[in-house]
Amino acid sequence: MTDFAGRTAVVTGASSGIGAATARSLAAEGFRVICAARRTDRVEALAAEINGVAVTCDVTDADSVAALADVVGDRLDVLVNNAGGAFGSTPVSEADADDWRRMYEVNVIGLMQVTRALLPALLRADDGAGIICNVGSTAGRIAYEGGAGYTAAKHGTQVVTETLRLELWDQPVRVTEVAPGMVKTDEFAMVRFDGDADKAAAVYAGVAEPLVADDVADAITWVVTRPRHVNVDELVVRPRAQAAQHKVHRAAP
Numbered sequence: 051m052t053d054f055a056g057r058t059a060v061v062t063g064a065s066s067g068i069g070a071a072t073a074r075s076l077a078a079e080g081f082r083v084i085c086a087a088r089r090t091d092r093v094e095a096l097a098a099e100i101n102g103v104a105v106t107c108d109v110t111d112a113d114s115v116a117a118l119a120d121v122v123g124d125r126l127d128v129l130v131n132n133a134g135g136a137f138g139s140t141p142v143s144e145a146d147a148d149d150w151r152r153m154y155e156v157n158v159i160g161l162m163q164v165t166r167a168l169l170p171a172l173l174r175a176d177d178g179a180g181i182i183c184n185v186g187s188t189a190g191r192i193a194y195e196g197g198a199g200y201t202a203a204k205h206g207t208q209v210v211t212e213t214l215r216l217e218l219w220d221q222p223v224r225v226t227e228v229a230p231g232m233v234k235t236d237e238f239a240m241v242r243f244d245g246d247a248d249k250a251a252a253v254y255a256g257v258a259e260p261l262v263a264d265d266v267a268d269a270i271t272w273v274v275t276r277p278r279h280v281n282v283d284e285l286v287v288r289p290r291a292q293a294a295q296h297k298v299h300r301a302a303p
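This is the structure:
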């Protein structure tokens, strides 16, 4: 497949960061992109920019997801489950249960609800080339101090992806995961640290070139545009400066 005109993609969490960058990247490839996110003004502006469709959608709300499915209709080629987030960085001994519930709801339950609602349309994709791409994280592969709630949720994303691939092994749809490492976006760290700019900046301190949203969007676009017989089970992408969660090259202050 090289011509994606006439094909449709859904991107959740499309109001900013990786989601918005992915919507733009897929639109540039010719996809009609349905941009789904909670912030109506942002997704409407993005949809207008890329000639897409804006849908206000909270992936943790079943009625909201059902409304998204109504907009999608009977056929869908690509689903990018990007909506997610991290809230807080306290050790387990000081954890906020509400933060943990929010992370599980958006990273796991929300992903499940959207996938469940849109799977019938994906199974009717053109040429049997439907594909689901879940946006995970390297946090879904290794634990680190202060990250138990987020790593637990992103491990959930990874395991749901693996299970779904097993369950759909004989169906005309592929299941993939793109798992980024350190990505510097306008909002992720700020949201995690409840608007504390100093804590957010410290995540990237001394790192000359962390990944940016466009880097991850490029990886997602590559994965979902492979020929229909090719399934990239998982793609882990990090900045060169990050060899592992705990091993990041930082320039001296």
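In the working numbering, the protein residues as written are 51 to 303. Here a beta-carbon is modelled for each residue, glycine too, at the ideal position from N, C-alpha and C.
Ala133 is positioned such that its CB atom lies closer than 9 Å to that of Leu161.
For Thr90, no beta strand (DSSP E) run applies; the uninterrupted alpha helix (DSSP H) run containing it begins and ends at 90-100, by DSSP.
Closest option to Asp283, judged by alpha-carbon separation, among Pro289, Ile84, Glu259, Glu212: Glu212.
Taking 4 residues as the shortest admissible run, the segment 231-299 contains the following complete alpha helix (DSSP H) segments, listed from N- to C-terminal end: 238-242, 247-253, 263-274. Three or more Cβ pairs drawn from the segment 185-196 and the segment 220-233 lie within less than 8 Å of each other, which places the two stretches in contact. Boundaries of the alpha helix (DSSP H) harbouring Thr201: 198-217, taken from the DSSP string.
Bounds of any beta strand (DSSP E) do not take in Thr188, whose DSSP letter is neither H nor E.
DSSP places Arg74 in the uninterrupted alpha helix (DSSP H) bounded by 67-78. Remark: C-beta atoms of Ala263 and Ile68 approach each other more closely than 9 Å.
The distance from the Cβ of Ile270 to that of Thr62 is about 12 Å, inconsistent with a contact at the 8 Å cut-off. Using a Cβ distance threshold of 9 Å, Tyr194 and Met153 do not count as a contacting pair. Using a Cβ-Cβ distance cut-off of 8 Å, the segment 94-113 and the segment 79-86 are in contact, since at least three pairs of beta carbons, one from each stretch, lie closer than that value. Per DSSP, the beta-bridge partners of Thr226 are Cys183. Counting the other Cβ atoms within 10 Å of the Cβ of Thr235 gives 16 or more, which makes it buried. Taking a C-beta distance under 9 Å as the contact criterion, Ala136 and Val241 qualify as a contact pair. When C-alpha distances from Ala302 are compared across Gln295, Pro289, Ala267, Tyr254, the shortest belongs to Tyr254. Taking a 10 Å sphere around the C-beta of Arg288, we find 16 or more other C-beta atoms and assign the residue as buried.
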